[in-house]
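Trainee:
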Amino acid sequence: MATETLEREGITDREWQRTATEALSPPQTMLTALAGSEWAITWQLPADPAEPLGKRVVGVPPSWAVPTVERMAELLSLPPNWDSYGALQIDHACVNAASDLLCGVMRATSPVPSVVPTCRGGVQMEWHMRGADLEVEFFTPAHVRGYYQDRQSGESWEADLSSDVTPLADAIATLTQRE
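So the sequence shown is residues 102 to 280, counted in the working numbering.
1. Can you give the beta carbon distance from VAL224 to CYS195, rounded, assuming they're within the 8 Å contact cut?
2. Tell me SER215's beta-bridge partners as DSSP assigns them.
3. By the three-class DSSP mapping on this structure, what secondary structure does THR169 have?
4. Counting Cβ pairs, one atom from each stretch, are 3 or more of them under 8 Å apart for the segment 181-200 and the segment 253-272?
5. When the Cα of GLY232 is compared with those of GLU238, PHE240, THR219 and GLN250, which residue comes out closest?
6. Where in the segment 180-208 do unbroken runs of the alpha helix (DSSP H), each at least 4 residues long, occur, reported from the N-terminal end onward?
7. Taking only the alpha-carbon atoms, compute the straight-line gap between PHE239 and SER164 and give it to the nearest angstrom.
8. Which of the three DSSP states is assigned to THR267 in this structure?
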């Protein structure tokens, strides 16, 4: 079983990065108490029945994590042709890449994205709130595009986020700061 561990202890949101790999038990989504105020969110992503993927986030759980992960798990259970128009089954690698990206750019109090399937087997994350529209689409794990329009500041961009997520991180920071 391939598994990634993400740990976060005493570091800033920007510094939080993948640190190790470890195995997880059978498929599940679970929020469990650890020592003191520490929590762990664990889940399995059924990449392939023979080789499920899993992630473990250690630290105080960000408010966006559980609903986002649960929605991603729902998308992975969609069958081929889920829309009755020939849609492809959701690619587990796209979901895995999307969750990695979120762990890298989201803050503990960032708003929960809407996570939707695409007919090409990818996933799209959307935020339509707080005077802005932000959309991030994973066409493949390595091909990511984003769109942002801020009605308050007038800022607008459409960008390839495959190698530079700075515009996305900045947009998430703006949405997080607004109430």
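C-beta atoms are modelled at their ideal positions from N, C-alpha and C, and glycine is treated no differently.
Mentor: Working from what's here:
1. Translated into positions along the sequence shown, residue 224 becomes position 123. Translated into positions along the sequence shown, residue 195 becomes position 94. That belief holds up - the Cβ atoms of VAL224 and CYS195 are roughly 5 Å apart, short of 8 Å.
2. In the sequence shown, the residue the question calls residue 215 occupies position 114. Paired residues: GLU227.
3. The sequence position of residue 169 within the sequence shown is 68, counting from 1. Residue state, collapsed to three classes: helix.
4. no
5. Position 131 of the sequence shown, counted from the first residue, corresponds to residue 232. Comparing Cα-Cα distances from GLY232 to each of GLU238, PHE240, THR219 and GLN250, the minimum goes to GLN250.
6. 193-206
7. Along the sequence shown, one-based indexing puts residue 239 at 138. Along the sequence shown, one-based indexing puts residue 164 at 63. Spanning the two alpha carbons is a distance of roughly 23 Å.
8. Here residue 267 refers to the residue found at position 166 when the sequence shown is read from its first residue. In the structure shown, THR267 sits in a helix (DSSP, three-state: H, G or I).
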